[in-house]
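For the sequence shown, numbering that gives the first Met the number 0 begins at 0 and goes up steadily by one. Note that CB positions come from ideal geometry on N, CA and C, so glycine has one too.
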Amino acid sequence: MSSNIYLSGGGSVKDSYQLDDLFLRAAGEKILYLPVGLKRTFTGYDECVTWFTDMISLHNLSKRVSVWIDIKNKSHALNRNNFDAIYIGGASDTSRLHDLLQRNNFYPQFKIFIKEKGLIYGGSGGASILGKSINYDQIEKSLPKINESAADLCGNYSVFGHLDEENKNIIEGFSEGDVIGIPEGGGCLLDTFQQLITYIGIPDGMIINQFGIRILKNIQSIQYGTIGNNNES
Numbered sequence: 000m001s002s003n004i005y006l007s008g009g010g011s012v013k014d015s016y017q018l019d020d021l022f023l024r025a026a027g028e029k030i031l032y033l034p035v036g037l038k039r040t041f042t043g044y045d046e047c048v049t050w051f052t053d054m055i056s057l058h059n060l061s062k063r064v065s066v067w068i069d070i071k072n073k074s075h076a077l078n079r080n081n082f083d084a085i086y087i088g089g090a091s092d093t094s095r096l097h098d099l100l101q102r103n104n105f106y107p108q109f110k111i112f113i114k115e116k117g118l119i120y121g122g123s124g125g126a127s128i129l130g131k132s133i134n135y136d137q138i139e140k141s142l143p144k145i146n147e148s149a150a151d152l153c154g155n156y157s158v159f160g161h162l163d164e165e166n167k168n169i170i171e172g173f174s175e176g177d178v179i180g181i182p183e184g185g186g187c188l189l190d191t192f193q194q195l196i197t198y199i200g201i202p203d204g205m206i207i208n209q210f211g212i213r214i215l216k217n218i219q220s221i222q223y224g225t226i227g228n229n230n231e232s
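See the structure below:
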């Protein structure tokens with residue numbers, strides 16, 4: 000498996016352990032951690048950094064972690080010479096995270112980073128901004144829609160985390176285009192070169208496009224755009 004984008008539906012470190020392990024073992028030594036989607040506490044982002052380093056330790060691994068809490072004028076340094084992988088943390092306000100990354104020119108750099116065979120992980124809101132649009136997330140929170148595209152690294156699919164029985168009608172409405180729905184404890188691995196999506200997790204995921212709705216099962220892979228066809232494993 001040569002996945003380069005990792006999407007987590009959210010939850011605890013126990014919920015995302017399998018996806019985290021796959022990412023950390025595939026990533027090289029140098030990881031950039033972006034916790035800026037979360038609100039600062041009185042200690043700044045110290046709690047986030049502690050959480051991230053503790054999460055890595057759970058996997059009995061050692062990494063060289065860089066943390067950016069001020070991303071202004073830093074997009075030029077977001078390259079494969081400096082980092083092997085990027086971890087984008089969850090967001091208390093996905094639209095704020097989207098605005099920060101867009102205004103600071105991170106989306107074009109993410110695309111270049113992926114083309115240069117770097118890895119990117121997005122957790123919860125961090126996964127949403129890697130998709131085409133964050134509007135499914137906006138709809139759930141009864142917030143205004145966002146006109147601008149997000150990073151659009153997921154084959155024209157938007158990404159919707161924390162999927163459950165209460166909110167799945169939001170993506171079943173298909174109002175904002177193709178979408179991947181991922182519950183807590185679930186994750187998607189994307190190989191953007193082979194255009195392959197692999198789902199992991201016991202809670203089922205969902206993927207919706209013009210062909211209809213497909214329930215995603217643990218260790219199931221499909222090609223982009225083949226819902227309704229037989230190109231799966």
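K29 in three-state terms, based on DSSP: strand
Given S123 as reference, the closest of A90, T52, I85 once Cα atoms are compared: The shortest Cα separation from S123 among A90, T52, I85 belongs to A90.
Let me know the secondary structure DSSP gives S132 once reduced to three states. coil
Here's a check: name, in chain order, each residue in its chain whose Cβ is nearer than 7 angstroms to the Cβ of L60, leaving out the five neighbours to either side. Short of 7 angstroms from the beta carbon of L60, and not among the five residues preceding or following it, lie these beta carbons of its own chain, in chain order: L23.
V12 classed as buried or exposed, judged by whether at least 16 other C-beta atoms fall within 10 angstroms: exposed
Looking only at its chain, what residues have a beta carbon closer than 8 angstroms to the beta carbon of Q17, apart from the 5 residues adjacent to it on each side? G186, I199, G200
Answer yes if the region 164 to 180 comes into contact with the region 127 to 134, meaning at least three C-beta pairs across the two stretches below 8 angstroms, and no otherwise. Touching, yes, given that three or more Cβ pairs across the two stretches are closer than 8 angstroms.
Taking Cβ positions, are I181 and L195 nearer each other than 8 angstroms? Going by C-beta atoms, I181 is not nearer than 8 angstroms to L195.
Taking the alpha carbon of V66 as the point to measure from, which residue in T49, L57, N80 has its own alpha carbon closest? T49
Assuming A126 and S7 are in contact, meaning their beta carbons sit under 8 angstroms apart, how far apart are those beta carbons, in whole angstroms? Contact between A126 and S7 holds, since their C-beta atoms are separated by about 6 angstroms, short of 8 angstroms.
Mapping DSSP to helix, strand and coil, what is D92? D92 falls in the coil class under three-state DSSP.
Can F22 be considered in contact with the ligand FMN, in the sense that its beta carbon sits closer than 7 angstroms to one or more heavy atoms? Summarising the ligand content, the structure contains no ligands, and the ligand FMN is consequently not present.
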